[in-house]
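To start, the structure itself, in structure tokens.
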Amino acid sequence: MPSFDLRFSRRAALAAAALAVFGLTAPAFAEKAPSGKIPVEELMGPNALPDIVEGKADAPITIVEYASMTCSHCAAFHKDVYPTLKKNFIDTGKVKFILREFPLDPLATAAFMLARNAGDKRDAVVDLLFAQQKNWAFVDKPLDGLAGVLKQTGLGQEKFEATLKDQQLYENVSKVRDRAAEKFGINSTPTFFINGDKYSGEISEADLERILTEKTKS
Numbered sequence: 007m008p009s010f011d012l013r014f015s016r017r018a019a020l021a022a023a024a025l026a027v028f029g030l031t032a033p034a035f036a037e038k039a040p041s042g043k044i045p046v047e048e049l050m051g052p053n054a055l056p057d058i059v060e061g062k063a064d065a066p067i068t069i070v071e072y073a074s075m076t077c078s079h080c081a082a083f084h085k086d087v088y089p090t091l092k093k094n095f096i097d098t099g100k101v102k103f104i105l106r107e108f109p110l111d112p113l114a115t116a117a118f119m120l121a122r123n124a125g126d127k128r129d130a131v132v133d134l135l136f137a138q139q140k141n142w143a144f145v146d147k148p149l150d151g152l153a154g155v156l157k158q159t160g161l162g163q164e165k166f167e168a169t170l171k172d173q174q175l176y177e178n179v180s181k182v183r184d185r186a187a188e189k190f191g192i193n194s195t196p197t198f199f200i201n202g203d204k205y206s207g208e209i210s211e212a213d214l215e216r217i218l219t220e221k222t223k224s
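Under our numbering, the letters of the sequence shown match residues 7 to 224, in that order.
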């Protein structure tokens, strides 16, 4: 059974984040040039959890983001940059976007498990949790805060607790993270792969538009 305690304290959450085996939050902004490349076919290989794809399956540009729900830079990207990305590139058929789980601490794992529990609404729950991150991730009783935010989606306490006891889901979220660390060298969030080119750190709206415009011309 996953080791989530409903009395999980802010101090415990921060300590877990500091000691996380798989790294830290990435630099505030991503490099101007990619730091490596992974073939898209390899990135899209079998995973422990199915990808939830935003956009057309045959879009010419594939963006894969590895994020942690307690990462402030990940939240900033989803609040400030993603809406423009969706409007100008995803909804116009130029980009398909995939967010994958890379939790840096137990609280982030819990949040991803609860988002996955929403099925095809996972990304909407992720957006909600990022938008209200300060109301649950950085409070004295983060699991209580998380439950409070998710009540907006209709999730009751019984289902909340049952989800956090789902051993298979816990293991699958962990496997997605472990595969990314072992196969793709990820050790921080957010990390983006844009048609296989690797960028670590939050990408500004201007830089992302420049990168995507260049790729649509190539």
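Note that beta-carbon positions come from the ideal geometry of N, C-alpha and C, so glycine has one too. Every value quoted in this text rests on a predicted model; they were computed, and no experiment measured them.
Which term fits residue i, buried or exposed, when burial requires 16 or more other beta carbons within 10 angstroms of its beta carbon?
i	result
E71	buried
D126	exposed
N216	Reading off the sequence shown, one finds Arg at residue 216, where the question assumed Asn. Its Cβ having fewer than 16 others within 10 Å, R216 is exposed.
D111	buried
K157	exposed
T90	exposed
T219	exposed
For residue i, I'd like the list of residues in its chain whose CB is within less than 8 Å of its CB, leaving aside the five on either flank, ordered along the chain.
i	result
Q139	M75, T76, S78, A81
G151	N141, W142, A143, V145
P40	I200, D203, K204, Y205
L49	T68, V70, F190, F199, G202
Once the 5 residues before and after residue i are set aside, which same chain residues still bring their CB inside 6 Å of it?
i	result
Y176	P8
S211	Note that residue 211 is Glu in the sequence shown here, rather than Ser. Contacts found: V87, T90.
T169	M119, L120, N123
State the CB to CB distance for the pair residue i and residue j, rounded to an integer number of angstroms; the pair is presumed to be in contact (CB under 8 Å).
i	j	result
L120	F166	7 Å
V101	A65	5 Å
F118	G61	Not confirmed; about 21 Å, so no contact.
Who are the Cβ neighbours of residue i in its own chain at under 7 Å, not counting the five residues just before and after it?
i	result
F28	Low confidence applies here, because F28 scores a pLDDT of 39, under 50, leaving its location unreliable; read the following figure in that light. So the qualifying residues of the chain are L110, R183, A187, N193.
Q163	A153
F108	Y72, A73, S74, R183, A186, I192, T195
Strictly by DSSP, which residues pair up with residue i?
i	result
A168	In the DSSP output, where bridge partners are listed per residue, A168 has none listed.
Y72	R106, T197
K204	G42, F199
Taking 7 Å as the threshold (beta carbon to beta carbon), is residue i in contact with chain B?
i	result
S180	The chain inventory of the structure shown lacks chain B, comprising one protein chain alone.
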